[in-house]
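This report refers to the structure that appears directly beneath it.
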Amino acid sequence: MSLPDDLAVALSRAAARLGSIGREVLWYPEVSSTSDVASSRAEGGAGEGLLVIADMQTAGRGRLGRTWASPPGAGIYASIVFRPNSRVARLLTLAAGVAVAEGITQATGLEPELKWPNDVHCEGRKLAGILAERGADHVVLGFGVNVLQAMYPADVRARATSIELELGREVDRALVLAECLAALAARYRDLNDGREGAVMAAWRSRAASMLGRRVEWDMAGASQRGMAERVDEDGALLVRTENGLVRVISGEVRWMP
Ligand code: BTN
Numbered sequence: 018m019s020l021p022d023d024l025a026v027a028l029s030r031a032a033a034r035l036g037s038i039g040r041e042v043l044w045y046p047e048v049s050s051t052s053d054v055a056s057s058r059a060e061g062g063a064g065e066g067l068l069v070i071a072d073m074q075t076a077g078r079g080r081l082g083r084t085w086a087s088p089p090g091a092g093i094y095a096s097i098v099f100r101p102n103s104r105v106a107r108l109l110t111l112a113a114g115v116a117v118a119e120g121i122t123q124a125t126g127l128e129p130e131l132k133w134p135n136d137v138h139c140e141g142r143k144l145a146g147i148l149a150e151r152g153a154d155h156v157v158l159g160f161g162v163n164v165l166q167a168m169y170p171a172d173v174r175a176r177a178t179s180i181e182l183e184l185g186r187e188v189d190r191a192l193v194l195a196e197c198l199a200a201l202a203a204r205y206r207d208l209n210d211g212r213e214g215a216v217m218a219a220w221r222s223r224a225a226s227m228l229g230r231r232v233e234w235d236m237a238g239a240s241q242r243g244m245a246e247r248v249d250e251d252g253a254l255l256v257r258t259e260n261g262l263v264r265v266i267s268g269e270v271r272w273m274p
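Heads up: the sequence shown begins at 18 in my numbering, then just goes up one per residue.
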């Protein structure tokens with residue numbers, strides 16, 4: 018299926034900044050999940066940079082087995098195949114959060130914040146999410162950005178926000194996608210060129226209001242509590258508890274008010 022004109026134009030305008038991203042592009046009016054397509058292509062040998070985009074997903078998924086509402090024309094649904102070395106793979110998921118937030122800023126002027134590990138928020142509500150899935154020799158990075166509030170089911174509207182709701186005006190979805198991809202290419206280059214420090218500094222500055230806050234999470238069937246202190250060089254969240262500093266590497270962290 019050929020790319021809609023607005024996407025083709027936005028991607029070609031950004032081409033010089035996309036690195037390997039979008040060397041091959043697959044666009045679908047409807048797909049189960051762009052990450053399903055990207056993963057099966059990656060397993061079949063697809064090269065780094067394969068970009069899969071859809072106008073809607075029938076089985077969009079989020080972190081921790083959740084579904085990701087993906088109504089037609091309402092959001093950005095995109096997945097990219099990366100073939101990073103293990104050093105780069107370690108921080109790719111944090112870098113992706115930074116990049117999606119930066120792309121949104123570049124395209125719209127909004128300044129989203131990050132919640133560890135890589136939820137993108139605006140005014141305390143979720144605006145975009147990132148799902149990194151590792152295969153034997155690749156990582157598929159999928160991201161979804163809510164663009165048009167009215168199109169989402171009521172339960173999603175109640176807890177999430179969208180670019181148009183935050184801005185109070187229409188936005189060019191293709192431009193937002195292109196800027197997120199350009200930022201992703203730049204942050205991926207940073208990791209490959211050894212500039213992890215720059216990526217972490219950008220992450221910290223977008224997550225400043227989250228650090229110092231009380232968090233709760235489940236470990237081995239029990240609820241744990243502490244104060245989010247910082248993120249270490251591997252991207253783990255370090256939480257100060259009454260038993261000392263605990264490293265949280267995955268799973269859900271609940272941020273207390
Ligand atoms: C999360 O915050 O839970 C992650 C959401 C990731 C959603 C995107 S949309 C494109 C790609 N395809 C999917 O099925 N999921 C990701």
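All C-beta atoms, glycine included, are put in the ideal place defined by N, C-alpha and C.
Does the beta-carbon of T258 have 16 or more other beta-carbons within 10 angstroms, so that it is buried, or is it exposed? Exposed.
The ligand BTN: which residues have Cβ under 6 Å from any of its heavy atoms, chain order? Cβ-based neighbours of the ligand BTN within the cut-off: S50, T51, S52, Q74, G77, R78, G79, R80, R83, W85, Y94, A95, S96, D136, G146, I147, L148, G159, F160, G161.
Beta-carbon contacts of H155 that lie in its chain and below 6 Å, excluding the five residues immediately before and after: The residues are A59, V98, R100.
DSSP beta-bridge partners for Q241? Under DSSP, Q241 shares a beta bridge with W234.
The segment 194-201 / the segment 113-122 touching (three or more Cβ pairs under 8 Å): The answer is yes - the segment 113-122 touches the segment 194-201, with three or more Cβ pairs under 8 Å.
Kindly list the residues whose CB is nearer than 7 Å to the CB of M18, restricted to its own chain and excluding five residues on each side of it in sequence; keep chain order. Spatial neighbours of M18 in its own chain (CB-CB distance under 7 Å, excluding positions within 5 residues in sequence) are listed in chain order as W44, Y45, P46.
CB-CB under 7 Å to A219, same chain, minus the five flanking residues each way: which ones, in chain order? If we look at A219 and ignore the five residues flanking it on each side, its Cβ neighbours are V115.
What do you get for S96, buried or exposed, if any count of 16 or more other CB atoms within 10 angstroms of its CB means buried? It is buried - the Cβ of S96 has at least 16 other Cβ atoms within 10 Å.
Smallest Cα separation from V164: which of W85, Y205, R190? Of the listed residues, the one whose Cα sits closest to V164 is R190.
Given 8 Å as the limit, is there contact between the segment 248-257 and the segment 128-139, that is, 3 or more CB pairs closer than that? The segment 248-257 vs the segment 128-139: in contact.
Where do the N-terminal and C-terminal ends of the beta strand (DSSP E) with R40 fall, by residue? Under the DSSP assignment, R40 falls outside any beta strand (DSSP E); it carries neither an H nor an E label.
According to DSSP, what are the bridge partners of R34? Answer is none; R34 lacks a bridge partner.
Which residue spans inside the segment 91-135 form an unbroken beta strand (DSSP E) run of at least 3? Fully enclosed beta strand (DSSP E) runs of 3 or longer: 92-99, 130-132.
Confirm, please, whether the CB-CB distance from I38 to G82 is below 8 Å. Not a contact, by the Cβ cut-off of 8 Å.
Among R242, M273, R80, S267, which has the Cα closest to the Cα of N260? For N260, the closest alpha carbon among the candidates R242, M273, R80, S267 is that of R242.
Going residue by residue through the segment 147-224, where are the continuous alpha helix (DSSP H) segments of at least 4 residues, counting only ones entirely within it? Qualifying alpha helix (DSSP H) stretches, in chain order: 171-176, 180-184, 190-209, 213-223.
Beta-bridge partners of A145, as assigned by DSSP: DSSP output for A145 lists V137, V162 as bridge partner(s).
Extent of the continuous beta strand (DSSP E) run through V54: For V54, no beta strand (DSSP E) encloses it; the enclosing alpha helix (DSSP H) starts and ends at 51-60.
Along the chain, where does the beta strand (DSSP E) containing L67 start, and where does it finish? Per DSSP, L67 belongs to no beta strand (DSSP E) and is neither H nor E.
CB of G141 within 8 Å of CB of W85, strictly: No; because the gap between Cβ atoms is not below 8 Å, this pair is not in contact.
Figure out for me which residue from A91, R30, N102 has the closest Cα to the Cα of A153. The shortest C-alpha separation from A153 is found at N102.
What three-state label does DSSP hand R247 in the structure shown? The answer is strand: DSSP assigns R247 an E or B state.
Between the Cα of G309 and those of T51, A55, R80, A175, spot the shortest distance and give me the residue it belongs to. Residue numbering for the chain in the displayed model covers 18 to 274; residue 309 lies beyond these limits and cannot be assessed.
Anyone know if the C-beta pair for L208 and V216 falls short of 8 Å? Going by C-beta atoms, L208 is nearer than 8 Å to V216.
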